[in-house]
Amino acid sequence: VFATPGVRPVLAVVITWMLAHNILYTYIAPFVAPAGLAARVDLVLLVFGVAALGGIWITGKLVERHLRATVLASLAAFTATAVLLGLASRFPAVIYLGMAVWGLSFGGAATLLQTALADTAGSGADVALSMNVVAWNGAIAAAGLVGGTLLETWGAGSFPWAMVMLLMLAIVIAWSARKHGFRPGRRNGSGPVAGH
5 VFATPGVRPV LAVVITWMLA HNILYTYIAP FVAPAGLAAR VDLVLLVFGV
55 AALGGIWITG KLVERHLRAT VLASLAAFTA TAVLLGLASR FPAVIYLGMA
105 VWGLSFGGAA TLLQTALADT AGSGADVALS MNVVAWNGAI AAAGLVGGTL
155 LETWGAGSFP WAMVMLLMLA IVIAWSARKH GFRPGRRNGS GPVAGH
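Residue numbers for the sequence shown, in my numbering: 5 to 200.
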């Protein structure tokens with residue numbers, strides 16, 4: 005299943021996207037502190053969460069016909085947000101705007117990536133989705149290590165730039181996986197329905 009064309013690129017996008025996401029998500033408190041929001045992490049995460057609900061709704065509307073475009077748009081929006089946060093994270097308004105766009109771009113990530121993986125793996129979808137769980141959780145663990153190292157070495161201001169590098173890699177991989185992995189056009193719906 006791992007050797008099925010398209011499975012590895014989708015898993016690579018899972019890892020890079022979730023690594024970028026969790027570096028900031030895990031260490032959000034020290035990141036927003038310079039903007040004077042150390043005591044408002046709850047509100048910062050509320051903005052992210054509400055926007056993520058919107059992202060789930062949007063993804064539900066688009067995943068059937070526009071999976072590839074939605075993946076690329078989500079990654080591009082997250083990359084733009086990381087750049088904005090890298091340039092102006094000392095301003096509370098920028099933090100809140102960034103949280104809203106980040107949440108919107110992230111809300112449908114699980115649906116998009118699991119759909120792409122199940123479609124690509126075909127009859128091996130159950131195995132591929134098990135690999136997705138490992139990749140997703142591995143990225144969360146790695147983000148704790150990477151984010152902690154970045155925080156200790158260069159400070160929280162380094163997070164957005166590390167995220168930009170990871171997200172650019174994710175965009176290149178997703179863009180390149182046009183034939184297998186993130187195919188354009190409407191899903192054919194002929195594959196098995198699988199989940200985890």
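Note that the Cβ used here is the ideal one computed from N, Cα and C, for glycine as well.
Check	Outcome
Cβ pair leucine 89, proline 164 closer than 8 Å	yes
Contact under 8 Å by Cβ, phenylalanine 186 with valine 75	yes
Alpha helix (DSSP H) segment containing arginine 69, residue limits	45-92
Cβ contact (3+ pairs, closer than 8 Å) linking the stretch 51-63 and the stretch 177-186	no
Completely contained alpha helix (DSSP H) runs for the stretch 94-122, where each covers 4 or more residues	96-110
Integer Cβ distance of arginine 94 from proline 38, believed to fall under 8 Å	5 Å
Where the alpha helix (DSSP H) through tryptophan 179 begins and ends	163-180
Contact test: threonine 20 Cβ vs the ligand PLP heavy atom, cutoff 7 Å	The ligand PLP is not part of the structure shown, which contains no ligands of any sort.
Separation of isoleucine 177 from phenylalanine 82, as counted between CA atoms	15 Å
Where the alpha helix (DSSP H) through valine 137 begins and ends	129-157
Alpha carbon of glycine 159 to alpha carbon of valine 36, nearest angstrom	12 Å
For leucine 28, the three-state DSSP class (helix, strand or coil)	helix
Exposure of phenylalanine 110, with buried meaning 16 or more beta-carbon neighbours within 10 Å	buried
Nonlocal neighbours in the same chain, by C-beta distance under 6 Å from glycine 112, ignoring five residues either side	Gly59, Ile60 and Thr63
Residue closest to valine 105, alpha-carbon to alpha-carbon, out of Arg44, Met172 and Leu49	Leu49
Cα-Cα separation between glycine 199 and valine 138, rounded to whole angstroms	Confidence at glycine 199 is low in this model, with a pLDDT of 46, below 50, so the placement of that residue should be treated as unreliable; the coordinate-derived value is given next. Rounded to whole angstroms, glycine 199 to valine 138 spans 14 Å at the Cα level.
Cα-Cα separation, glycine 195 to glycine 128	With a pLDDT of 49 at glycine 195, under the threshold of 50, the modelled position of that residue is not reliable, and the figure given next carries that caveat. Distance between the alpha carbons of glycine 195 and glycine 128: 10 Å.
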